[in-house]
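> First the structure, which I've put down as structure tokens, then a few questions once you've had a look.
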Amino acid sequence: MDISWDDQVLAVGTEDGTIEVYNFPKILALAGKSQENLHGGSRSKRASTSPALMKLFKTKSNGILLTKFTWRNFLYAIGSYN
115 MDISWDDQVL AVGTEDGTIE VYNFPKILAL AGKSQENLHG GSRSKRASTS PALMKLFKTK
175 SNGILLTKFT WRNFLYAIGS YN
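Pasting the structure below:
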């Protein structure tokens, strides 16, 4: 997981090889609200139903080890294979 240098975007890599990109200020605004509202009314484990979700990337990797933003806010990810 990493936050962009301008504090606008949060990127999260998951075990299933998905990269989820969130609007970070929106997450902070929702943090004061109930857990139910944070996940869009759902209590599922997947946060991809969050209203702060901007984009979802499905990779061919078995898992994402690292998501990182460069100083120019380019996102890169490192995956793994087993």
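Residue numbers for the sequence shown follow this note's numbering, beginning at 115 and rising by one. All C-beta atoms in this analysis are idealised placements derived from N, C-alpha and C, irrespective of residue type, glycine included.
1. Identify which residue in 193, 176 and 135 has its Cα closest to the Cα of residue 165.
2. Nearest-angstrom Cα distance between residue 127 and residue 177?
3. So if DSSP puts residue 132 in a beta bridge, which residue, or which two residues, is it bridged to?
4. Considering only their Cβ atoms, is the gap separating residue 172 from residue 146 smaller than 8 Å?
5. Which of helix, strand or coil does DSSP assign to residue 138?
6. Using C-beta distances below 7 Å, list every residue in its chain close to residue 182, excluding the 5 sequence neighbours before and after it, in chain order.
7. Can you tell which of 168, 121, 141 and 192 has the C-alpha that lies nearest to the C-alpha of residue 179?
Looking at the atomic coordinates:
1. On the sequence shown, position 51 is the one that residue 165 refers to. Per the Cα distances, 135.
2. The residue given as residue 127 occupies position 13 in the sequence shown. The residue given as residue 177 occupies position 63 in the sequence shown. The alpha-carbon atoms of residue 127 and residue 177 are separated by roughly 8 Å.
3. Sequence index remark: in the sequence shown, residue 132 carries index 18 (1-based). Looking at the DSSP assignment, residue 132 forms a beta bridge with 172.
4. The residue you call residue 146 lines up with position 32 of the sequence shown. The residue you call residue 172 lines up with position 58 of the sequence shown. Going by C-beta atoms, residue 146 is not nearer than 8 Å to residue 172.
5. Here residue 138 refers to the residue found at position 24 when the sequence shown is read from its first residue. DSSP places residue 138 in helix when its eight states are reduced to three.
6. For the purposes of this step, residue 182 is identified with residue 68 of the sequence shown, where counting begins at 1. Answer for residue 182: 116 and 190, listed in chain order.
7. Position 65 of the sequence shown, counted from the first residue, corresponds to residue 179. Looking at the Cα atoms, 192 is the closest of the given residues.
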